[in-house]
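First comes the structure, then the notes that go with it.
2 protein chains.
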Amino acid sequence: MALKEHPAPTSAATDAPAPRRSDATRTAILDAARARFAADGYERATIRAIARDARIDPSMVMRYYGSKDGLFAAVLDVDLRLPDPAGLDPRDVGRVLVSHFLDLWEENGVLTAILRVGVTNQAGAERLQGIFKDQLTPVARRACPDPEQAPVRAALCASQLLGLALTRYVLRIGPAVALSRPEIVAWLGPTVQRYLTAPHP
Amino acid sequence: MALKEHPAPTSAATDAPAPRRSDATRTAILDAARARFAADGYERATIRAIARDARIDPSMVMRYYGSKDGLFAAVLDVDLRLPDPAGLDPRDVGRVLVSHFLDLWEENGVLTAILRVGVTNQAGAERLQGIFKDQLTPVARRACPDPEQAPVRAALCASQLLGLALTRYVLRIGPAVALSRPEIVAWLGPTVQRYLTAPHP
DNA sequence: CTGGACTGTCAACACGTGTTGGCCTACGGT
DNA sequence: ACCGTAGGCCAACACGTGTTGACAGTCCAG
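So the sequences go chain by chain: A and B. Start counting the first sequence at 1; every next residue gets the next number (the working numbering). Start counting the second sequence at 1; every next residue gets the next number (the working numbering).
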């Protein structure tokens, strides 16, 4: 860790941290890293390959992100932007959630990267745990009958949603890839709905 | 590949392939490999570590399994031993399947190994695809209303079953680990049941 | 114009990996 | 009792990895 902190040369009080000339390179590295981690997982996504994709020297990665771990940590920031279940029809929450997750997974490779890495890398696994625990559990708490069951219900939803991502975006199992969005929502929506709102069986 | 084929020294016509003196070592390697692949994934499960666990020299692994790929291929043989849905109450097939899968995942680490490896290794992914396609689809064909939908329904089941394994045995998400077997069966059983038998939504 | 910081390149290091071949030991059929 | 051969260990190779430091161009404040 312990990245070099460049002192803001001009306005020190502004909120934006004074754009640097190397910002383009920084984001190029980050984009390449996200894609490589998503495609190859942690070990096989080498710094040399990432640097080649970003068309810079491997040592730049070290300069800007300190280490491979630091680079991956910089990729990890994810906000699921889950909707507040209080604001929608309780009968629709399952379908809305599934649809929202499909959006998230397809908008860029961050979630695929974290999933692929989390399976073999401890830090990635903890991050994935944290994301779903911190962001999905509150939704469950507002949607399920007994708030005390929120963690269990969130975990059940996670099992189905991550299972879909696994089969569709990571393992690329044929029929799971071929399914259309509306079909997925129609099939998985009621499942998630039930995990959230059904009485404890 | 191309393992050395030791000529059977004694009975050449017997069905059993004439036990070798090194069989103990062979299975020790295989056991250690399965555990390591399950715990660490493909890249981080090094031949040296596997050999250390099996208390033999790394070169023995090469001699008996040709290469790391060959070793992993030897670990891959899995028979899910799925029950024939024709033989049970159509109302129970979901619960029976979920229960059966819990048995499979907990009996040894093979499935965890294949899942962990399949996420980053192409051969592992294809193997996982094959297992679920070849063994789960026939079950779906016998259980679902329109046999033509069997692949889709098998994939849906796989998404939920693999998702459970992912959250419970790989990522070890707290609430998913804490759930008891009967609870899991009660929650996921109806889901699998619906994926198999419900009319296309 | 000039000095210092920033951005980038190059070559190298130390290390762990999969893999190989040579050597010694000890079993077991003849 | 013998000796071929299977079983096992050791040392080494070639390679790719993350990481480091020295060096050169480039921008901008003073």
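The beta carbon of each residue, even a glycine, is placed where N, CA and C say it ideally should be.
Compare the C-beta of residue i with all C-beta atoms of chain A and state if any pair is closer than 8 Å.
| i | result |
| --- | --- |
| B/L162 | yes |
| B/L171 | yes |
| B/P9 | Confidence at B/P9 is low in this model, with a pLDDT of 38, below 50, so the placement of that residue should be treated as unreliable; the coordinate-derived value is given next. Not closer than 8 Å to any Cβ of chain A, the Cβ of B/P9 fails to qualify, so no. |
| B/L76 | no |
| B/A35 | no |
| B/P199 | no |
| B/S67 | no |
| B/P175 | yes |
| B/L166 | yes |
| B/A28 | no |
Looking at the unbroken alpha helix (DSSP H) that takes in residue i, where does it start and where does it end?
| i | result |
| --- | --- |
| A/Q149 | Run containing A/Q149: none; DSSP gives neither H nor E here. |
| B/G66 | Per DSSP, B/G66 belongs to no alpha helix (DSSP H) and is neither H nor E. |
| B/D31 | 23–44 |
| B/L102 | 93–107 |
| A/A51 | 47–54 |
| B/V78 | No alpha helix (DSSP H) holds B/V78; DSSP gives it neither H nor E. |
| A/P175 | 174–178 |
Measuring only between beta-carbons, confirm whether residue i sits less than 8 Å from chain B.
| i | result |
| --- | --- |
| A/A51 | no |
| A/D40 | yes |
| A/Y195 | yes |
| A/T46 | no |
| A/E5 | Confidence in A/E5 is poor, its pLDDT being 41 and thus under 50, which makes the residue's placement unreliable; the coordinate value appears in the next sentence. Judged by the 8 Å Cβ criterion, A/E5 is not in contact with chain B. |
| A/A158 | yes |
| A/L88 | no |
| A/T191 | yes |
| A/A186 | yes |
| A/A13 | Legend: pLDDT at A/A13 = 40, less than 50; position of this residue unreliable, no value from coordinates given. |
| A/L80 | no |
| A/L179 | yes |
| A/A155 | yes |
| A/T25 | no |
Classify residue i as helix, strand or coil using the three-state DSSP reduction.
| i | result |
| --- | --- |
| A/S159 | helix |
| B/H200 | coil |
| A/T120 | coil |
| B/T167 | helix |
| B/L88 | coil |
| B/L188 | helix |
| B/P19 | coil |
| A/P138 | helix |
| A/L82 | coil |
| B/R181 | helix |
Contact set between the segment 121–152 of chain B and chain A, restricted to residues whose Cβ is under 8 Å from the partner: A125, L128, Q129, F132, K133, P151, V152
Interfacial residues, the segment 90–123 of chain A to chain B, with Cβ spacing under 7 Å: R116, G118, V119, T120
The segment 149–157 of chain B touching the segment 47–55 of chain B, judged by at least three CB pairs closer than 8 Å: no
Stretch pair the segment 185–194 of chain A + the segment 20–40 of chain B: three plus CB contacts closer than 8 Å: no
Validate contact between the segment 101–113 of chain A and the segment 143–150 of chain A using beta carbons, cut 8 Å, 3 pairs: no
Inter-stretch contact (C-beta, 8 Å, three-pair minimum) for the segment 71–85 of chain A and the segment 176–184 of chain A: no
contact_flag[the segment 96–106 of chain B, the segment 128–135 of chain A] where n(CB pairs < 8 Å) is 3 or more: no
contact_flag[the segment 58–73 of chain B, the segment 156–164 of chain B] where n(CB pairs < 8 Å) is 3 or more: no
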